[in-house]
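Residue numbers (the working numbering): 394 to 722.
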């Protein structure tokens, strides 16, 4: 949540995800009634940031699996692109269906605040996963800590390049809470490390792998002593990997990719990416169902914020069971 729009490099994955989601919307019948202990059947809706990214297809899979196991009807409906202007109408349409609860990964912390409040005003409890929202109306937020992920990622880059040098963070645009938090963790990690020079962010505002590749390629050309790149999501990771390969810098520049899509895992194996930070979205999808059912059963002791610890993946630990579970599907 976090960060995600279509791109040519992931066309096959995006197409498969879109087909699985049946034009951005799906609903599954329950295996048995379950009302979180109430005996009443429940319907829970999930609105991902988009239907265009392996992170979300993996979170949806976890959500659906947990819903099926609990005997809950799962509604999944999301925008085609990671844009607030596309997600807000989806949220409004889902609220009209009057599910028992809504889980949403907000595309914009500010823009989604009022639409979420409107859904809550209709009597529908709402929780978030991934990205945050500037609202006190949600009953809980579950996400891998992006601040901690940014810090862990930066520490891994320093471990790979202990001699120091220039480092750069590839952002999308300010206002995406998860990526803003990753940047904060990244910058905090380099405080008191004078051997590293933190360059100004690169902003791939269109969330395009091609745009990110062009920005990274220009940064490599302008900074021959660039030693490390922190790519903040699946798309910028793809762009950074392509740029490093085109520049003949594979293995020479440490490149951390956020998330753990199939393409990123391939780049990790071939060395164009040297580390990944996984948010384990399958687990997040499962926890979303569990927490929604607890709330619907009357549990008001659920923490408002439930940060999870991200996992750093490298070639050295990629085959370990925990790493394999954390890879996106």
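Heads up, the beta-carbon is just placed ideally off N, CA and C, and yes, glycines get one too.
Locate the alpha helix (DSSP H) running through residue 700, then write down its first and last residues.
Numbered from its first residue, the chain shown carries residue 700 at position 307. Premise fails: residue 700 lies in the beta strand (DSSP E), 698-701, not in any alpha helix (DSSP H).
Enumerated in chain order, which unbroken segments of the alpha helix (DSSP H) with a length of 4 residues or greater are wholly contained in the region 549-598?
570-583
Taking residue 541 as the reference, which of 718, 670 and 685 has the closest Cα?
As a position in the chain shown, residue 541 is number 148, starting the count at 1. Nearest C-alpha to residue 541: 670.
Could you tell me the distance, in whole angstroms, from the CA atom of residue 469 to the CA atom of residue 502?
Translated into the one-based positions of the chain shown, residue 469 becomes position 76. Translated into the one-based positions of the chain shown, residue 502 becomes position 109. One C-alpha to the other measures close to 21 Å.
Cβ-Cβ distance between residue 380 and residue 622 below 8 Å
The structure shown does not extend to residue 380, since the chain is modelled only from 394 through 722, so no value can be given for it.
Whole angstroms is fine: what's the gap from residue 625's alpha carbon to residue 483's?
Locating residue 625 in the chain shown gives position 232, where the first residue counts as 1. Locating residue 483 in the chain shown gives position 90, where the first residue counts as 1. The straight-line gap from Cα to Cα measures roughly 26 Å.
Return yes when the Cβ of residue 590 is within less than 8 Å of the Cβ of residue 559, no when it is not.
Sequence index remark: in the chain shown, residue 559 carries index 166 (1-based). Sequence index remark: in the chain shown, residue 590 carries index 197 (1-based). Their beta carbons are under 8 Å apart, which means residue 559 touches residue 590 by this criterion.
What does DSSP give as the partner residues of residue 706 in its beta bridges?
By 1-based counting over the chain shown, the position of residue 706 is 313. DSSP lists 669 as partners of residue 706.
Hey, how far is the Cα of residue 634 from the Cα of residue 576?
The residue you call residue 634 lines up with position 241 of the chain shown. The residue you call residue 576 lines up with position 183 of the chain shown. Straight-line Cα distance between these residues: approximately 19 Å.
What separation, rounded to the nearest whole angstrom, lies between the Cα atoms of residue 662 and residue 567?
Reading the chain shown from its first residue, position 269 is the one you call residue 662. Reading the chain shown from its first residue, position 174 is the one you call residue 567. Looking at the two C-alpha atoms, the distance is approximately 31 Å.
Could you check where the alpha helix (DSSP H) with residue 448 kicks off and where it finishes?
Taking the first residue of the chain shown as 1, we reach residue 448 at position 55. Unbroken alpha helix (DSSP H) run through residue 448: 447-463.
Segment limits, beta strand (DSSP E) that includes residue 624
Taking the chain shown and counting its residues from 1, one reaches residue 624 at position 231. Start and end: 619-624.
Can you find the residues in the same chain that come closer than 6 Å, C-beta to C-beta, to residue 702, ignoring five residues on each side of it along the sequence?
Mapped onto the chain shown, residue 702 falls at position 309. If we look at residue 702 and ignore the five residues flanking it on each side, it has no Cβ neighbours.
Does the Cβ of residue 659 have 16 or more other Cβ atoms within 10 Å, making it buried, or fewer, making it exposed?
Here residue 659 refers to the residue found at position 266 of the chain shown. So residue 659 counts as exposed.
Rounding to the nearest angstrom, what Cα-Cα distance links residue 437 and residue 496 in this structure?
If you number the chain shown from 1, residue 437 lands on position 44. If you number the chain shown from 1, residue 496 lands on position 103. Looking at the two C-alpha atoms, the distance is approximately 7 Å.
Taking the alpha carbon of residue 498 as the reference point, which residue from 491, 489 and 474 has its own alpha carbon closest?
As a position in the chain shown, residue 498 is number 105, starting the count at 1. Looking at the Cα atoms, 474 is the closest of the given residues.
Residue 682 vs residue 511 beta-carbon contact at 8 Å
Taking the chain shown and counting its residues from 1, one reaches residue 682 at position 289. Taking the chain shown and counting its residues from 1, one reaches residue 511 at position 118. For residue 682 and residue 511, no; Cβs fall outside 8 Å.
Sort 528, 719, 642 and 509 by Cα distance to residue 678 and report the nearest one.
The residue you call residue 678 lines up with position 285 of the chain shown. The residue with the shortest Cα to Cα distance from residue 678 is 719.
With a threshold of 7 Å on Cβ separation, who are the neighbours of residue 680 within its own chain once the five nearest residues in sequence on each side are excluded?
Along the chain shown, one-based indexing puts residue 680 at 287. Correct list, in chain order: 535.
Euclidean distance between Cα positions of residue 646 and residue 574
Along the chain shown, one-based indexing puts residue 646 at 253. Along the chain shown, one-based indexing puts residue 574 at 181. Cα to Cα, residue 646 sits roughly 24 Å from residue 574.
Are residue 486 and residue 505 touching if we call contact CB-CB under 8 Å?
To locate residue 486, count along the chain shown from 1; it is residue 93. To locate residue 505, count along the chain shown from 1; it is residue 112. Not closer than 8 Å, so no.
For the alpha helix (DSSP H) that contains residue 497, what are its first and last residues?
Residue 497 sits at position 104 when you count from the first residue of the chain shown. Here residue 497 belongs to no alpha helix (DSSP H); instead the beta strand (DSSP E) covers 494-497.
Got a sec? Which residues, its chain only, sit under 8 Å from residue 594 by beta carbon, not counting five neighbours each side?
Here residue 594 refers to the residue found at position 201 of the chain shown. Same-chain partners within the cutoff: 561, 562, 563, 564 and 576.
Give the list of continuous beta strand (DSSP E) stretches no shorter than 3 residues that lie fully inside the region 514-542.
519-522 and 534-537
Should residue 668 be labelled buried (16 or more other beta-carbon atoms within 10 Å of its own) or exposed?
Position 275 of the chain shown, counting from 1, holds the residue named residue 668. Buried, since its Cβ has 16 or more Cβ neighbours within 10 Å.
So which of 549, 700 and 600 has the shortest CA-CA distance to residue 620?
Locating residue 620 in the chain shown gives position 227, where the first residue counts as 1. When each option's Cα is compared against that of residue 620, the closest is 549.
Could you check which residue in 649, 448 and 444 has the C-alpha nearest to that of residue 544?
Along the chain shown, one-based indexing puts residue 544 at 151. That would be 649, whose Cα lies nearest to the Cα of residue 544.
Assign residue 556 to buried or exposed, taking buried as 16 or more other Cβ atoms, counted over all protein chains shown, within 10 Å of its Cβ.
For the purposes of this step, residue 556 is identified with residue 163 of the chain shown, where counting begins at 1. It is exposed - the Cβ of residue 556 has fewer than 16 other Cβ atoms within 10 Å.
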